[in-house]
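Each remark here refers to the structure printed beneath this line.
Chains as they are written, first to last, in the working numbering: chain A, 11 to 230; chain B, 45 to 138.
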């Protein structure tokens, strides 16, 4: 079975209850099985949830700092007020200005509901080269007229607080495009700045975001 | 009043933000036909590329495939509105 050596930290409440970090795992020798709870595991920490209701944009201006090396945003059933694309940008001044220079790529797979079209393609008018424009997360227009149409997906932003490196992101979304057809979009790139990114904004190319949620997680 | 969502709190847009948003939307709407045509051409090109190997010099293209590829090349003919672009019917691959 082996042994797990633990050190005891001075971490106890006045009522005699151990705090969560009261024990530290100092060493593991010949351990073949680890009791539940012996090792602190990684995970996703939900930092914020925002629910859209006719909003021009959704911004996260707090909680993006050096606490986490990676942040993840999950989009759930974002529905636009008009046919449009979902976009995002970042800020290095706490959300006063959104428009950090970025170079990105964009490709997608799409399949028409009537089976008339099924392709995989790079989309040159959705990428950007050293531009401060908002970055596309969907390829063709999200369908607004169908009440059941939406976009869902996620976006990873890596070490936004770094003052040494550029800031990479990767996103995958799936949506009902005007047609109608299903479209799965991959956008990735980097913000070409060594300034810390501390705010993120999402919006559509036209009109409001009528419904949907965006959650922000910190990744341990 | 138009508003934005910041950390879960609705914030009214300033007059400056409303004007900037209106300008963005006007530019977006003005480019709708060009974007639709660009997307159509990219999809058309991808479909043509997927059958390019059949048109190599050591292969004889079938009449059906020739017709299909010509229909793809002609698919942009006569399109003048976004509605027409969205309503196109793709030829069936033989």
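Glycine residues also receive a C-beta, built at the ideal position from the N, C-alpha and C atoms.
This structure is a prediction, so every number in the text was calculated from the model and none was measured.
Buried or exposed: which applies to residue 134 (chain A), given that a residue is buried once 16 or more other Cβ atoms fall within 10 Å of its Cβ?
Residue 134 (chain A) is exposed by the Cβ-count criterion.
Would you mind telling me which residues of chain A sit closer than 7 Å to residue 129 (chain B), beta carbon to beta carbon, in chain order?
Scanning chain A for C-beta atoms nearer than 7 Å to the C-beta of residue 129 (chain B) yields nothing, as the closest lies near 10 Å away.
Tell me the residue span of the alpha helix (DSSP H) that contains residue 195 (chain A).
Going by DSSP, residue 195 (chain A) is part of no alpha helix (DSSP H) but of the beta strand (DSSP E) stretching over 191-201.
Among residues of its own chain, excluding the 5 on either side of residue 99 (chain B), which ones have a beta-carbon nearer than 7 Å to its beta-carbon?
Only 105 meet the Cβ criterion.
Output, in chain order, the set of chain B residues within a Cβ distance shorter than 9 Å of residue 127 (chain A).
The contacting residues are 87, 91, 134.
If contact is defined by three or more beta carbon pairs under 8 Å, each pair taking one atom from either stretch, is the stretch 171-189 of chain A in contact with the stretch 147-155 of chain A?
The way I'd put it, the stretch 147-155 of chain A does touch the stretch 171-189 of chain A; three or more beta-carbon pairs between them come closer than 8 Å.
Count the C-beta pairs between the stretch 215-223 of chain A and the stretch 109-122 of chain A that are closer than 8 Å, then say yes if the count reaches three, no if not.
Short answer: they don't touch.
Identified DSSP bridge partners for residue 184 (chain A)
According to DSSP, residue 184 (chain A) bridges with A:162, A:194.
Since residue 131 (chain A) and residue 121 (chain A) should fall inside the 8 Å C-beta cutoff, what is the C-beta to C-beta distance between them, to a whole number of angstroms?
The Cβ separation is near 12 Å, so there is no contact.
What three-state label does DSSP hand residue 82 (chain B) in the structure shown?
It is helical.
For the 8 Å Cβ check, are there 3 or more pairs between the stretch 64-73 of chain B and the stretch 71-81 of chain A?
No, the stretch 64-73 of chain B does not touch the stretch 71-81 of chain A.
Could you compute how far the alpha carbon of residue 50 (chain B) sits from the alpha carbon of residue 136 (chain A)?
Those two C-alpha atoms are separated by around 26 Å.
Residue 117 (chain B) at chain A interface by Cβ criterion, 8 Å
Chain A, which has no Cβ nearer than 8 Å to the Cβ of residue 117 (chain B), makes this no.
Less than 8 Å separating the beta-carbons of residue 46 (chain B) and residue 66 (chain A)?
The answer is yes: Cβ separation under 8 Å.
Residues near residue 191 (chain A) by beta carbon distance below 7 Å, same chain, minus five either side:
120, 121, 122, 123, 127.
For residue 157 (chain A), collect the residues of the same chain with a Cβ closer than 8 Å to its Cβ; drop the 5 residues on either side in sequence, then sort them by chain order.
Take residue 157 (chain A), set aside five residues on each side of it, and the residues of its chain with a beta-carbon closer than 8 Å to its own are 89, in chain order.
Less than 8 Å between CB atoms is the rule here; does residue 193 (chain A) satisfy it with respect to chain B?
Not an interface residue.
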